[in-house]
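Scroll down for the structure; my scribbles are underneath it.
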Amino acid sequence: MRKILTVLLASLTLLLTNMVTSTAVYAKSKPQLSDYTYRVVNSVQRLIALKKYSDAHEKLQHALEGASRKFDKAVLMQQIGYLYSMQDNYPKAIEYFAKAIKSQGLPVEVAQQVRYALGQLYLAQEQYKESIATLQQWFAVSKTTEEKPQSSAYVLLASAYAQVEDYRHVVAPMKQAIKLSDSPSENWYLLLMAAYHELGQYQNMVGVLKSLTTQYPTKKRYWTQLSGAYMELEQEKKALAALEMPYNLGLMTDEKEILRLSNFEAFMSIPYRAATILETAMQQGNVERSAKHVEQLGSFYHQAQELDKAIESYQDAYQMAPTWDAQQRITKLMLQNKDYQGVLAFAQTPSPDANADNKAELKYLTGMAYFELHKTSKALEAMKKAVQSKEVKPMAQAWISYLQG
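Residue numbers -27 to -1, 1 to 378, in mature numbering (1 follows the signal peptide of the UniProt record, and there is no 0), belong to the letters of the sequence shown in order.
This is the structure we're talking about:
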């Protein structure tokens, strides 16, 4: 929004210069302006060009005090307003431009230029309601003239509405501005999108963001915003597809963003792709190879039923941060994967935080591995130690009865 205002106000000086020039030309071609006032206006323009603002102001005020004709007064007030604007005295410029319009002495074409400049000045002075009212009047009058509003006029009105948070009235002029332009500004789309967001119109946001991603495909934020809009609409597949685009384009290098994408892939039941994304990111150094992230990699492979890779990742994480919960998970997964020798090796040394019950449970798990390896005596020995665990005692006793039978 601030960028749009900067551009609009930067055009104000050019508008004012053109406005003064057109006034002089109009005055020369029409008989309404007195010869004296016409000569004053020309003299003042030369003084302004030399930046002799005090002299110019003195001439204009003197002429205004002696003027009796409506057209002369209106032109002189317009010139004074222009002079104040050149000195960045916007409040005074507003005062005289408003007087010039109110006098109804200016030709329609010139009055429209003054009115448009006044709308911009009100906006610059944060007098947003006055800016809106002035611009609405400008649009109303423009319907009766041959000169039709350009995109910039619609953007100006939309910007004023945005400043008073009247987002419903931002939409129509911004859409018209974009429609009229062969090359709409990126900021115009952003203002329209912001209005839709404030109104909770996420489907319309999607339309704007599609335009932005088409025109600026390498700007990652538009893809992530598009994904967010789809999420608001509960269109999760489209949200994921939008989020994948910056990754596929090589734009996603931030750790949080990559983790978000990989978690989203897993959430959408695509765990193998989640694992691939996370593993690649760790290899490239975009995601820290921490115990937490490596364990997460293991969980993705686990969901994908890639048990060998899951166990390998879990074990790598365990080496970085050995805990009982991790050891229990890995041991059970090894049993599920029929890696009985692996169970015996891994469960041989309990984790540092394992208590007596945990150690007894490890014996129960190793007992099952021994049984599968047809080492009955070893299995029985392990189960007898496992009964010390309250949790597995009933199962261990059942195994003992079976093995001894």
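By construction, the Cβ of each residue, glycine as well, lies at the ideal position given by its N, Cα and C atoms.
* Please state whether DSSP places Tyr189 in a helix, a strand or coil. => coil
* Asked: Shortest alpha-carbon distance to Gly54 belongs to which of Thr197, Val17, Leu216, Met293?
  -> Answer by Cα proximity: Val17.
* Which same chain residues, not among the five before or five after Val137, have their C-beta less than 6 Å away from its C-beta? -> Tyr101
* **Three-pair Cβ contact test at 8 Å for the stretch 259 to 271 versus the stretch 279 to 287** => With contact defined as three or more Cβ pairs closer than 8 Å, the stretch 259 to 271 and the stretch 279 to 287 are in contact.
* To do: Count the other C-beta atoms from every protein chain shown that fall within 10 angstroms of the C-beta of Lys311, then say buried if there are 16 or more, exposed otherwise.
  => exposed
* **Distance between beta carbons of Asn331 and Pro323, contact taken as under 8 Å** => 7 Å
* Neighbourhood of Leu37 by C-beta, 8 Å cutoff - its chain only, sequence neighbours within 5 removed -> Lys46, Leu49, Met50, Ile53
* To do: Report all residues from its chain with a CB closer than 8 Å to the CB of Tyr245; omit the five preceding and five following residues, and keep chain order.
  => Cβ neighbours of Tyr245 beyond the five flanking positions: Phe273, Tyr274, Ala277, Glu279.
* How should Gly258 be labelled, buried or exposed, when 16 other C-beta atoms within 10 angstroms of its C-beta is the threshold for buried? -> exposed
* Could you pull out every residue in the same chain whose Cβ sits closer than 8 Å to the Cβ of Thr118, ignoring the five residues on either side in sequence? => Excluding residues within five positions, the ones whose Cβ falls inside 8 Å are Val81, Glu82, Gln85.
* Cβ of Val260 less than 8 Å from any chain B Cβ? -> Among the chains of the structure shown, chain B does not appear; only one protein chain is present.
* **Alpha carbon of Ala215 to alpha carbon of Lys265, nearest angstrom** => 27 Å
* Determine, using beta carbons only, whether Leu130 and Ile105 come nearer to each other than 8 Å. => yes
* Do the CB positions of Met178 and Ala202 come within less than 8 Å of each other? -> yes
* To do: Could you name each continuous alpha helix (DSSP H) segment of 4 residues or more that falls completely within the stretch 17 to 65, going from the start of the chain to the end?
  => 26 to 39, 43 to 59
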